[in-house]
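Residue numbers (the working numbering): 1 to 47.
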């Protein structure tokens, strides 16, 4: 197990706590929006 300085841990923890929800929201948005974009493009090309 590696030893990290307390300053490094206390710096990285809030950064991860802020970025993780944004990353999860972006991934969820991509997996939800991309199929809709594809189906919309397919329906427009069929018209």
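Even for Gly, the Cβ is constructed at its ideal location relative to N, Cα and C.
Quick caveat: nothing in here was measured; it's all calculated off a predicted structure.
- For the pair residue 17 and residue 46, the Cα-to-Cα distance works out to about 45 Å.
- Under the three-state reduction of DSSP output, residue 2 falls in the coil class, being neither helix nor strand.
- Take the alpha-carbon of residue 32 and the one of residue 38: they are about 11 Å apart.
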